[in-house]
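Engineer: Numbering (my numbering), first residue to last: 766 to 864.
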Amino acid sequence: MKLIEAIIHKLKLQEVRNALDDLGVVDFMESTIICHGQQGQVMIFRGAKFVANVVEKVKLEIVSADDSTEKIIEAIRSIVKSEHRDDCRIAMRPYLEVT
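Okay, here's the thing in structure tokens:
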């Protein structure tokens, strides 16, 4: 068993949900998280300029069997892939006990 953690943009969430549903993955956790990035958007508030470098993203946690792990990772990667490295982070860990 493996635990897959993927941090993706909120805008791609529905597409990833549909892809996971097509693969037969129906049980996973979603969490809204706040990421601090280096790329920031310059904004003006009451005449003062500041850089907004906080981005709201979604973290998916999926427990999968060893044989379907690569299919799940490839499905997520194909949907959220872009030229920016920070658009998608995927981590995989062993999951030793399921109760």
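Even for Gly, the Cβ is constructed at its ideal location relative to N, Cα and C.
Bridge partners for Lys-814 per DSSP, in chain order?
Structural biologist: The residue you call residue 814 lines up with position 49 of the sequence shown. Ile-809.
Engineer: Taking DSSP as the reference, what is the three-state secondary structure of Lys-846?
Structural biologist: Taking the sequence shown and counting its residues from 1, the one referred to as residue 846 is at position 81. Coil at Lys-846, not helix or strand.
Engineer: Just the C-alpha distance for Phe-815 and Val-823, rounded to the nearest angstrom, thanks.
Structural biologist: Counting from one through the sequence shown, the residue named residue 815 turns up at place 50. Counting from one through the sequence shown, the residue named residue 823 turns up at place 58. Using only the alpha carbons, I get a separation of about 25 Å.
Engineer: Give me the DSSP bridge partner(s) of Lys-822.
Structural biologist: Start at 1 with the first residue of the sequence shown, and residue 822 comes out as number 57. According to DSSP, Lys-822 bridges with His-774, Ile-798.
Engineer: Would you give the residue range spanned by the beta strand (DSSP E) that Ala-856 belongs to?
Structural biologist: Taking the sequence shown and counting its residues from 1, the one referred to as residue 856 is at position 91. It spans 854-859 - the beta strand (DSSP E) in which Ala-856 sits, taken as one unbroken run.
Engineer: Does DSSP put Leu-768 in a helix, in a strand, or in coil?
Structural biologist: The count along the sequence shown starts at 1 and reaches residue 768 at position 3. Here Leu-768 sits in strand by DSSP.
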